[in-house]
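One structure is given below, encoded as structure tokens.
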Amino acid sequence: MRQSDHIASAGPRRLALSLASAGYEIVVGARLLASAGALLEGVLPQKRVVVVSDATVAALHLPALLEGLAAAGVAAESIIVPPGEASKSLESYGGLVSRLLALGVERQTAIVALGGGVVGDLAGFAAATTLRGLPFVQVPTTLLAQVDSSVGGKTGINASQGKNLIGAFHQPRMVLADTATLATLPARELRAGYAEAVKTALIGDAEFFAWCERFGTDVLAGDAGAQAEAVLRACAFKARVVGEDEREENAAGGRALLNLGHTFGHALEAEIGFGTILHGEAVALGTDLAFALSARLGLCAEADHQRVRAHFRATGLMAELAELNRRLSAARLLSHMRADKKRRDGKLVFVLARGIGKACMRDDVPEDSVLSLLRASGCGE
0 MRQSDHIASA GPRRLALSLA SAGYEIVVGA RLLASAGALL EGVLPQKRVV VVSDATVAAL
60 HLPALLEGLA AAGVAAESII VPPGEASKSL ESYGGLVSRL LALGVERQTA IVALGGGVVG
120 DLAGFAAATT LRGLPFVQVP TTLLAQVDSS VGGKTGINAS QGKNLIGAFH QPRMVLADTA
180 TLATLPAREL RAGYAEAVKT ALIGDAEFFA WCERFGTDVL AGDAGAQAEA VLRACAFKAR
240 VVGEDEREEN AAGGRALLNL GHTFGHALEA EIGFGTILHG EAVALGTDLA FALSARLGLC
300 AEADHQRVRA HFRATGLMAE LAELNRRLSA ARLLSHMRAD KKRRDGKLVF VLARGIGKAC
360 MRDDVPEDSV LSLLRASGCG E
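Position one of the sequence shown corresponds to residue 0 (numbering that gives the first Met the number 0), numbered consecutively onward.
Okay, here's the thing in structure tokens:
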């Protein structure tokens with residue numbers, strides 16, 4: 000029996016995330032929507048919730064979730080927002096809060112985010128700020144959300160100056176990662192989510208990256224066991240990191256290391272257009288650039304960079320800026336990086352790598368080195 004087959008037959012798995020302020024469980028398994036009400040027993044402060052989803056996800060999964068909640072006597076209302084990154088805006092946030100207040104939510108009324116990272120970030124931020132804080136549950140339906148954005152309590156929306164610049168830390172009461180929902184994802188979305196799982200491995204789990212090299216194509220081919228294992232491994236690693244540095248206050252690393260590839264990636268999203276390039280695609284390209292920069296600075300071997308690039312290519316992800324087939328300006332990308340929320344004392348802060356599974360923080364990278372790398376990668380001035 001293959002490892003992934005064993006995981007598939009093991010049933011729902013639970014991971015505990017322990018924080019100084021609170022703690023919660025991450026439940027991973029297939030067909031969890033049907034038992035959502037029972038799984039949330041003892042977690043919800045009242046038997047009433049408001050489900051926030053987008054139109055695409057709601058058509059696929061909202062009925063099953065509502066039935067699962069109703070089976071446990073949980074009354075649920077729903078609010079549907081447009082799909083896509085454009086919903087992470089001040090306008091959409093204001094509209095969502097107004098609709099929540101119009102429904103007469105109380106401080107014990109939980110907000111349930113059903114969807115991908117956009118819905119989780121938007122609904123989570125609304126929960127964090129409505130009535131000064133409502134209980135919140137994450138029900139991620141994309142691989143990206145299941146392996147990354149649903150865990151750890153980061154919520155927020157985009158500003159014109161960049162991605163996720165408006166937000167709050169607001170931990171969910173529980174994360175229900177129903178891996179059966181991954182079967183409805185387009186191949187491109189699945190690959191983009193997988194990039195975040197690989198990023199997790201590259202930060203601090205070399206053995207997980209070796210697993211990705213062996214089973215990554217199975218994850219993307221829809222192997223349920225391999226998908227569950229990838230979610231479990233990524234969530235277990237992130238839970239450890241968040242548990243030690245909940246609010247990203249460790250200047251030497253900690254939770255900030257989870258942003259490997261994001262300084263470059265967010266710049267690409269801001270320049271190309273949020274949603275035009277998927278977040279996971281930008282992270283893959285950003286991670287390749289981070290390893291390329293690390294090799295140029297002598298932090299890691301070029302062989303490590305090439306190994307990362309080879310794996311992205313083997314799993315159908317873009318691994319070089321040239322694959323975008325568009326002319327980019329190095330100066331404009333650097334300008335976007337200067338708006339990155341990780342900067343300190345006016346300096347750019349990069350998550351780089353000393354090798355596979357050995358991420359590190361650096362605030363001493365010369366801007367000329369960044370520009371040189373971008374130009375060598377095909378960017379114009």
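The C-beta atom is built at its ideal place from N, Cα and C for all residues, glycine as well. Predicted model only: the values in this text are computed from it and were never measured.
Inset, instruction - Can you tell me which of the three DSSP states His5 falls into? - result: Only weak support is given to the placement of His5: the predicted model assigns it a pLDDT of 44, under 50, and the value that follows is read from those uncertain coordinates. The answer is helix: DSSP assigns His5 an H, G or I state.
Legend entry - Cβ neighbours of Ala321 in the same chain (closer than 8 Å, five flanking residues each side left out): Ser376 and Gly377
Inset, instruction - Give the secondary structure of Lys341 by DSSP, where H, G and I count as helix, E and B as strand, and everything else as coil. - result: Coil at Lys341, not helix or strand.
Legend entry - Alpha-carbon to alpha-carbon, Ala255 and Asp339: 12 Å
Inset, instruction - Would you give the residue range spanned by the beta strand (DSSP E) that Asp287 belongs to? - result: Asp287 -> not in any beta strand (DSSP E); alpha helix (DSSP H) instead, spanning His278 to Arg295.
Inset, instruction - Keeping to the same chain, check which residues put their C-beta closer than 8 Å to that of Thr262; ignore five residues upstream and five downstream. - result: Gly285, Ala289, Met336, Asp339, Lys341, Leu347, Val348, Phe349 and Val350
Inset, instruction - Assign Asp363 to one of two classes, buried (16 or more other C-beta atoms within 10 Å of its C-beta) or exposed (fewer than that). - result: exposed
Legend entry - Spatial distance of Ala57 from Ser293 (CA atoms): 42 Å
Inset, instruction - State the DSSP-derived secondary structure class of Pro62, mapped to helix, strand or coil. - result: helix
Inset, instruction - Could you please give the first and the last residue of the uninterrupted beta strand (DSSP E) stretch that includes Gln137? - result: Phe135 to Pro139
Legend entry - Inter-stretch contact at 8 Å, needing at least 3 Cβ pairs: the segment 200-210 / the segment 142-161: no
Legend entry - Residues near Ser8 in its chain [Cβ-Cβ closer than 6 Å; skip 5 each side]: For Ser8, the predicted structure reports a pLDDT of 47, less than 50, and the residue's modelled location is therefore unreliable. The matter cannot be settled from this model.
Legend entry - Collapsed DSSP secondary structure at Met360 in the structure displayed: Met360 falls in the strand class under three-state DSSP.
Inset, instruction - With distances taken Cα to Cα, identify the nearest neighbour of Gln107 among Tyr92, Ala69, Val50 and Phe135. - result: Of the listed residues, the one whose Cα sits closest to Gln107 is Phe135.
Legend entry - Which of helix, strand or coil DSSP assigns to Arg12: Residue state, collapsed to three classes: strand.
Legend entry - At least three beta-carbon pairs within less than 8 Å, the segment 161-169 to the segment 104-119: The segment 161-169 vs the segment 104-119: no contact.
Legend entry - Check whether Ala21 and Lys46 have beta carbons under 8 Å apart: no
Legend entry - Whole-angstrom distance between Asn258 and Ser91, CA atom to CA atom: Looking at the two C-alpha atoms, the distance is approximately 26 Å.
Inset, instruction - Using only the heavy atoms of the ligand FAD, determine whether one of them is closer than 7 Å to the beta carbon of Phe290. - result: Among the ligands in the structure shown, none appear at all, so the ligand FAD cannot be discussed.
Inset, instruction - Check the C-beta distance from Gly36 over to Gly67 and give it rounded, since I have them as a contact under 8 Å. - result: 5 Å
Inset, instruction - Could you spell out the range, first to last residue, of the beta strand (DSSP E) harbouring Ala109? - result: Ala109 to Gly114
Inset, instruction - Have a look at Pro81 and Ala63 and give me their C-alpha separation to the nearest angstrom. - result: C-alpha separation (whole angstroms): 20 Å.
Inset, instruction - Report yes if the CB atom of Ala329 is closer than 8 Å to the CB atom of Ala283, and no otherwise. - result: Result no, Cβ atoms of Ala329 and Ala283 do not sit closer than 8 Å.
Inset, instruction - With DSSP as the reference, please indicate the residues paired to Ala74 in a beta bridge. - result: Arg47
Inset, instruction - Return the chain-ordered list of same chain residues with a C-beta closer than 7 Å to the C-beta of Asp133, the five sequence neighbours on each side being excluded. - result: Per the sequence shown, residue 133 should be read as Leu rather than Asp. Non-local beta-carbon contacts of Leu133 in its own chain, meaning distances under 7 Å to residues more than five positions away in sequence, involve Val104, Arg106, Thr108, Ala109, Ile110 and Ala126 in chain order.
Inset, instruction - Please state whether DSSP places Met317 in a helix, a strand or coil. - result: Three-state DSSP puts Met317 in coil, outside helix and strand.
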